[in-house]
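S.K.: Residue numbers (numbering that gives the first Met the number 0): 0 to 253. Beta carbons: idealized from backbone N, C-alpha and C, even for Gly. Keep in mind it's a predicted model, so treat the numbers as computed, not measured. Structure below; questions to follow.
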Amino acid sequence: MGRVIAIANQKGGVGKTTTAINLSAALAEKGKKVLVVDTDPQGNTTSGFGIEKNELENTIYELLLGECSVQDCIIKDKKSGVSIIPSNVNLAAVEIELIDADKREFILKREIDWIREDYDFIMIDCPPSLSMLTVNAMTTADTVLVPIQCEYYALEGLSQLIHTVNLVKERLNPDLDMEGVVFTMYDSRTNLSNQVVDNVKSVLQQKIFKTLIPRNVRLAEAPSFGMPINQYDPKSAGAEAYAALADEVVKNRR
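Structural data, given as structure tokens:
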């Protein structure tokens with residue numbers, strides 16, 4: 000049975016998509032069968048694997064509307080070894096289109112259940128909001144992984160996200176748990192990064208990954224070439240960090 004991890008934070012720009020792409024690719028490099036589900040209408044995870052998102056016939060939008068099967072919209076990225084359920088801007092309309100849908104919080108779960116046993120890990124990249132798409136992801140997931148940027152406002156909104164996780168656990172998915180918090184854009188040269196890490200550790204009663212994802216130029220460049228960091232620059236600090244995070248995630252099996 001595949002382990003489903005939702006990567007969520009309603010704040011944008013915290014390294015959520017970067018983590019979805021590069022953690023998935025690092026897990027695949029370790030021989031794991033990995034599927035990434037892009038539930039963000041921006042489709043950045045999709046394009047981060049070099050997929051031309053605006054030319055796709057079947058995406059998660061068609062899947063959620065019941066216009067295609069889950070098998071129809073899976074794309075295999077031969078370079079990274081990761082399979083992808085892609086997204087594009089059409090997904091922005093899905094909340095309105097599904098407003099009267101029966102049990103709409105469970106649509107993604109019903110589809111993923113068909114293929115769950117085919118993968119070791121299914122990573123869901125959530126949109127930067129606490130929307131119906133995020134609720135669908137959390138209803139499908141076993142755990143939630145939260146990237147936090149090492150900046151002054153790191154804790155802002157985090158309590159709201161944890162409250163949402165607890166609400167979903169209480170009402171929709173009693174098995175949902177926290178995978179943990181991972182710090183991104185860490186700069187060991189600044190006092191601020193170290194203060195944020197210490198501050199979050201003292202406030203947050205959650206698992207915090209030991210791996211710190213550095214602020215890394217190569218990591219920032221990789222998406223524009225449609226490659227995960229372990230292909231774009233396998234010897235970079237970013238690639239090494241996501242490989243270490245993948246090790247932690249594998250050991251984190253419940």
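1. Return the bridge partner residues of R115 from the DSSP annotation.
2. Could you pull the start and end residues of the beta strand (DSSP E) that L211 belongs to?
3. Where do the ends of the beta strand (DSSP E) carrying S128 lie?
4. Is S23 helix, strand or coil when you go by DSSP?
5. Return the bridge partner residues of T142 from the DSSP annotation.
6. Three-state secondary structure (DSSP) at I50?
7. Alpha carbon to alpha carbon, how far is V199 from D176?
8. For V36, does the three-state DSSP call read helix, strand or coil?
9. Let's see if you can read the secondary structure: which residues bound the alpha helix (DSSP H) around I98?
10. Taking only the alpha-carbon atoms, compute the straight-line gap between V254 and L154 and give it to the nearest angstrom.
11. Nearest CA to the CA of S86: which residue from L132, E104, I114, D99?
12. Given that a residue counts as buried once 16 or more other Cβ atoms are within 10 Å of its Cβ, and exposed if not, what is D39?
M.R.: On the basis of the data shown:
1. DSSP, once it has assigned bridges, lists no residue as partnering R115.
2. From DSSP, the beta strand (DSSP E) with L211 extends over 207 to 213.
3. Segment: none, S128 is in no beta strand (DSSP E) and carries neither H nor E.
4. S23: helix per DSSP, three-state reduction.
5. Note: T142 is bridge-paired with I4, D176 in the DSSP secondary-structure output.
6. Collapsing the DSSP output to three states places I50 in coil.
7. One C-alpha to the other measures close to 19 Å.
8. Strand, per DSSP.
9. Per DSSP, I98 belongs to no alpha helix (DSSP H) and is neither H nor E.
10. In the structure as shown, the chain begins at 0 and stops at 253. Residue 254 is therefore absent and cannot be evaluated.
11. Here the closest residue by C-alpha is L132.
12. Buried, since its Cβ has 16 or more Cβ neighbours within 10 Å.
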